[in-house]
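Note that the sequence shown covers residues 6 to 588 in the working numbering.
Contents: one structure, followed by commentary.
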Amino acid sequence: KVQDMGGQYFGLQTTSTCIINIGDANDNLPTFTRTSYVTSVEENTVDVEILRVTVEDKDLMNTANWRANYTILKGNENGNFKIVTDPKTNEGVLCVVKPLNYEEREQVNLQIGVVNEAPYSKEASSQSIMSTATVTVNVKNQDEGPECSPLVQTVQIKENVPVGTKSRGYKAYDPETRSSSGIRYKKLTDPKGWVTINENEGSITVFRNLDREAESVRGGIYNITILASDKDGRTCTGTLGIILEDVNDNGPVIPKRTVVICKPVLASADIVAVDPDEPANGPPFPPFDFSLDSDADSDIERKWRLKKINDTAARLFFQEDLPFGTYQVPVRVTDRHGVSLITPLTVKLCDCVTENDCTLRTDPRIGHGEVRLGKWAILAILLGIALLFCILFTLVCGGTGAAKQPKVFPDDLAQQNLIVSNTEAPGDDKICSTNGFTTHTAGCSAQGICGTMGSGVKNGGQETETIEMVKGGHQTMDSCRGTGHHHTLDSCRGGPVEVDNCRYTYSEWHNYTQPRLGEEVQLCNQDDKHGHAQDYVLTYNYEGKGSVAGSIGCCSERQEEDGLEFLDHLEPKFRTLAEACIK
């Protein structure tokens with residue numbers, strides 16, 4: 006209430022209501038509903054829930070002051086358990102995350118504690134702010150078969166022991182009885198097949214010679230895998246490591262068998278020896294002994310010399326002015342126990358500065374040398390051969406193309422084409438009989454129509470015309486045969502007359518052939534009703550002086566373009582014909 010006038014009775018006043026909301030504080034601890042719990046679990050099980058615990062908290066529900074955090078305080082040193090909070094019920098869930106072994110622990114005692122997510126609001130010691138409870142976990146036993154423990158077992162044997170030597174092997178046992186009786190053994194892996202295993206006892210027997218320096222031996226230990234099984238078929242797997250004791254059965258050897266000496270800059274080369282055996286049977290005390298083996302070649306010691314550098318290395322010198330080349334130098338290396346081995350070294354005396362530049366040279370003083378072609382030289386040779394083949398192929402193709410020039414005129418010159426008619430070579434003799442004339446024409450070659458000649462024979466009021474068109478190299482025209490009146494060329498009058506290379510004037514040829522060709526044309530190109538056919542050949546009239554190409558009584562088969570320059574300068578009256586022929 007609020008009132009004016011100093012609170013006098015006559016003062017005015019008013020009232021109002023104030024609502025106070027009280028916020029929750031974590032002033033109440035969560036407490037277990039029970040102080041102890043008992044549960045059980047079978048051995049060798051994992052990821053299973055074995056117990057749920059509950060707590061009470063008077064703070065506001067579903068807040069950080071109410072939600073619980075559980076933890077395992079004691080008994081989980083091996084990490085077999087874990088406890089988590091169920092977000093819906095706020096319960097603690099105890100789980101097994103690592104399998105338990107009944108033979109090791111039959112019962113496990115745990116102490117668990119609980120706190121809120123929010124810190125406790127009242128001042129108190131750490132003991133008073135945490136509620137605790139104990140959990141007893143009983144481990145149930147299972148018949149789990151044989152146990153291979155420890156997983157890796159070892160046995161020590163000297164290398165190179167006689168075949169058939171026996172030694173203890175691998176042992177598995179039954180965890181229920183802690184005994185190995187009734188367990189059978191089998192070999193799963195044996196990389197070299199060096200040993201056999203006794204089925205009932207697990208002992209091993211040497212089957213082949215044991216070699217400590219073999220590739221399958223790592224660090225002097227040869228591993229095999231063993232499978233143990235009981236009568237119910239339950240199994241376990243273990244590893245047996247055979248430790249091979251070293252025996253001095255290897256002489257020192259020089260790994261680098263090829264040595265290069267650059268003669269212009271060096272006079273020696275270093276060689277290094279190694280012994281596969283243990284240090285007890287090799288260097289560094291005492292060091293290796295290097296010597297030249299002169300049994301194979303008596304000149305070795307005269308040409309070469311060895312000088313020790315350290316316990317495992319020596320330096321090889323050449324003593325004479327040896328020529329460039331390759332030499333075989335046997336070197337004997339002996340270890341501390343007198344075991345030695347001869348290593349044949351291949352020594353190259355080269356004309357070089359570094360070993361990578363080594364090339365063997367041959368001069369008149371040396372017997373044999375070595376010549377090698379690099380990959381770039383071989384590539385250059387192959388490219389040169391390929392280039393020569395390309396040039397040869399181009400020449401052959403070019404010559405073939407030049408030989409196959411297109412013809413100036415097609416073969417069928419009778420189909421309104423220009424005819425090669427210039428003939429300049431001498432011809433053969435012409436022989437004419439009294440009954441006609443026979444003309445043998447030679448030396449006139451062309452791939453077109455050779456000529457058109459005709460003769461008329463009239464007998465008893467009938468006239469017979471013969472027109473022969475011959476194509477080829479050797480032509481024979483016989484158009485003067487028959488009885489009665491003969492129409493012949495001037496050269497056939499009065500018996501055999503030689504015709505000089507078919508040299509008739511254009512007018513003589515025209516006067517003789519034109520009338521007869523006209524008559525024959527009238528008979529040609531007619532259909533069954535004696536009417537002109539569609540491809541009727543029209544007669545071209547004589548239009549003036551003779552052709553500059555000469556006589557067409559004979560023609561040429563020559564394909565050369567010699568003498569055809571006049572075709573480039575045709576008169577106007579021939580251009581239309583030339584254009585038609587080209588089309």
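Virtual Cβ for every residue (Gly too), placed ideally from N, Cα, C.
(message) According to DSSP, simplified to helix, strand and coil, what is A272?
(response) Along the sequence shown, read from residue 1 onward, the residue named residue 272 stands at position 267. In the structure shown, A272 sits in coil (DSSP, three-state: anything other than H, G, I, E or B).
(message) Please classify T348 as buried or exposed, where buried requires at least 16 neighbouring CB atoms within 10 angstroms.
(response) Counted from its first residue, the sequence shown places residue 348 at position 343. So T348 ends up on the buried side.
(request) Assuming V119 and G97 form a contact by the criterion Cβ under 8 Å, report the distance between their Cβ atoms to the nearest whole angstrom. (result) Here residue 119 is taken as the residue at index 114 of the sequence shown, counted from 1. Here residue 97 is taken as the residue at index 92 of the sequence shown, counted from 1. V119 to G97, Cβ: 7 Å. Contact.
(message) If distances are taken between C-alpha atoms only, which option among G224, D280, D304, S512 comes closest to F293?
(response) Translated into positions along the sequence shown, residue 293 becomes position 288. Closest by alpha carbon: D280.
(request) Would you mind sorting D340 into buried or exposed? The rule is 16 or more other CB atoms within 10 Å of its CB. (result) Along the sequence shown, one-based indexing puts residue 340 at 335. Buried, since its Cβ has 16 or more Cβ neighbours within 10 Å.
(message) Does A585 pass the burial test, meaning 16 or more other C-beta atoms within 10 Å, or should it be called exposed?
(response) One-based indexing of the sequence shown puts residue 585 at position 580. It counts as exposed.
(request) Report yes or no: do three or more beta-carbon pairs, one from the region 180 to 191 and one from the region 209 to 225, lie closer than 8 Å? (result) no
(request) Just the C-alpha distance for V7 and I25, rounded to the nearest angstrom, thanks. (result) Along the sequence shown, read from residue 1 onward, the residue named residue 7 stands at position 2. Along the sequence shown, read from residue 1 onward, the residue named residue 25 stands at position 20. Their Cα atoms are separated by approximately 19 Å.
(request) Keeping to the same chain, check which residues put their C-beta closer than 6 Å to that of C357; ignore five residues upstream and five downstream. (result) Here residue 357 is taken as the residue at index 352 of the sequence shown, counted from 1. Excluding positions up to five away in sequence, the list reads C267, C363.
(message) In the DSSP output, what is C241 paired with across the bridge?
(response) As a first step, residue 241 must be located in the sequence shown, where it is residue number 236. Note: C241 sits in a beta bridge opposite A233.
(request) Tell me where the alpha helix (DSSP H) around F329 begins and ends. (result) Here residue 329 refers to the residue found at position 324 when the sequence shown is read from its first residue. Neither: F329 is in no alpha helix (DSSP H) and is coded neither H nor E.
(message) Looking at the secondary structure, which residues open and close the beta strand (DSSP E) in which A583 lies?
(response) Residue mapping note: residue 583 aligns to position 578 of the sequence shown, counting from 1. Per DSSP, A583 belongs to no beta strand (DSSP E); it is in the alpha helix (DSSP H), 577 to 587.
(request) Quick one: using the 10 Å Cβ neighbour count with 16 as the cut-off for buried, is C23 buried or exposed? (result) Mapped onto the sequence shown, residue 23 falls at position 18. Classification for C23: exposed.
(message) By the DSSP assignment, the beta strand (DSSP E) with E54 in it spans what residues?
(response) In the sequence shown, counting from the first residue as 1, residue 54 sits at position 49. Counting along the chain, the beta strand (DSSP E) containing E54 begins and ends at 53 to 58.
(request) In the DSSP assignment, find the unbroken beta strand (DSSP E) run with I188 in it and report its ends. (result) Here residue 188 corresponds to residue number 183 of the sequence shown, with the count starting at 1. Segment: none, I188 is in no beta strand (DSSP E) and carries neither H nor E.
(message) Buried or exposed, going by whether 16 or more other CB atoms sit within 10 Å of the CB of W199?
(response) One-based indexing of the sequence shown puts residue 199 at position 194. Buried, by the Cβ-count rule.
(message) Please return the same chain residues whose Cβ sits closer than 7 Å to the Cβ of L346, not counting the five positions on each side in sequence.
(response) The residue given as residue 346 occupies position 341 in the sequence shown. Correct list, in chain order: G256, P257, V258, V338.
(message) So, with DSSP's three-state summary, where would you put G118?
(response) For the purposes of this step, residue 118 is taken as the residue at position 113 of the sequence shown. Strand, per DSSP.
(request) Identify which residue in S512, T68, K79, N95 has its Cα closest to the Cα of T36. (result) As a working note, residue 36 is residue 31 in the sequence shown. Minimum Cα distance to T36 is reached at N95.
(message) Check this for me: beta carbons of V60 and A69, under 7 Å apart or not?
(response) Your numbering for residue 60 matches position 55 in the sequence shown. Your numbering for residue 69 matches position 64 in the sequence shown. Taking 7 Å as the Cβ cut-off, V60 and A69 do not qualify as a contacting pair.
(message) Between the alpha carbons of F571 and S512, how many angstroms are there, rounded?
(response) As a working note, residue 571 is residue 566 in the sequence shown. As a working note, residue 512 is residue 507 in the sequence shown. Cα to Cα, F571 sits roughly 20 Å from S512.
(message) Going by DSSP in three states, N361 sits in which element: helix, strand or coil?
(response) Translated into positions along the sequence shown, residue 361 becomes position 356. Helix, per DSSP.
(message) Relative to the C-alpha of K63, which candidate in A30, L522, K79, Y42 has its C-alpha closest?
(response) Residue mapping note: residue 63 aligns to position 58 of the sequence shown, counting from 1. Selected option, being the one with the closest Cα: A30.
(request) Alpha carbon to alpha carbon, how far is Y125 from Q18? Give it in angstroms, no decimals. (result) The residue you call residue 18 lines up with position 13 of the sequence shown. The residue you call residue 125 lines up with position 120 of the sequence shown. Computed Cα separation, rounded: 46 Å.
(message) According to DSSP, simplified to helix, strand and coil, what is N74?
(response) Residue numbering aside, residue 74 sits at position 69 when the sequence shown is read from its first letter. Residue state, collapsed to three classes: strand.
(request) Would you tell me roughly how many angstroms separate the C-alpha atoms of D148 and V344, rounded to the nearest one? (result) Working through the sequence shown from its first residue, we reach residue 148 at position 143. Working through the sequence shown from its first residue, we reach residue 344 at position 339. Whole-angstrom Cα-Cα distance: 57 Å.
(message) Do V144 and L105 have their beta-carbon atoms positioned less than 7 Å apart in this structure?
(response) On the sequence shown, residue 105 is found 100 positions in, with the first residue counted as 1. On the sequence shown, residue 144 is found 139 positions in, with the first residue counted as 1. In this structure, V144 lies closer than 7 Å to L105 by Cβ.
(request) Let me know if Y75 comes out buried or exposed under the rule of 16 or more other beta-carbons within 10 Å of its beta-carbon. (result) Along the sequence shown, read from residue 1 onward, the residue named residue 75 stands at position 70. Y75 is buried by the Cβ-count criterion.
(message) DSSP three-state label for R320, please.
(response) Taking the first residue of the sequence shown as 1, we reach residue 320 at position 315. In the structure shown, R320 sits in a strand (DSSP, three-state: E or B).
(request) Check C100 in the structure and name its three-state DSSP category. (result) Reading the sequence shown from its first residue, position 95 is the one you call residue 100. C100 falls in the strand class under three-state DSSP.
(request) Give the DSSP bridge partners of V89, in chain order. (result) Reading the sequence shown from its first residue, position 84 is the one you call residue 89. Bridge partners of V89: V98.
(request) Mark S303 as exposed unless 16 or more other C-beta atoms lie within 10 angstroms of its C-beta, in which case mark it buried. (result) As a first step, residue 303 must be located in the sequence shown, where it is residue number 298. Per the 10 Å Cβ criterion, exposed.
(message) Just to confirm, is the Cβ distance from T244 to L232 under 7 Å?
(response) The count along the sequence shown starts at 1 and reaches residue 244 at position 239. The count along the sequence shown starts at 1 and reaches residue 232 at position 227. Contact: no.
(request) Using the Cα positions of L590 and L393, report the straight-line distance between them to the nearest angstrom. (result) For the chain, the structure presents residues 6 to 588; residue 590 sits outside this window and is missing.
(request) Determine the direct distance from the alpha carbon of V160 to that of D237, and round the result to whole angstroms. (result) Residue mapping note: residue 237 aligns to position 232 of the sequence shown, counting from 1. Residue mapping note: residue 160 aligns to position 155 of the sequence shown, counting from 1. Distance between the alpha carbons of D237 and V160 is about 29 Å.
(request) With a 10 Å radius around its C-beta and 16 neighbouring C-beta atoms as the bar for buried, classify I390 as buried or exposed. (result) On the sequence shown, position 385 is the one that residue 390 refers to. Counting Cβ neighbours within 10 Å, I390 comes out exposed, since fewer than 16 surround it.
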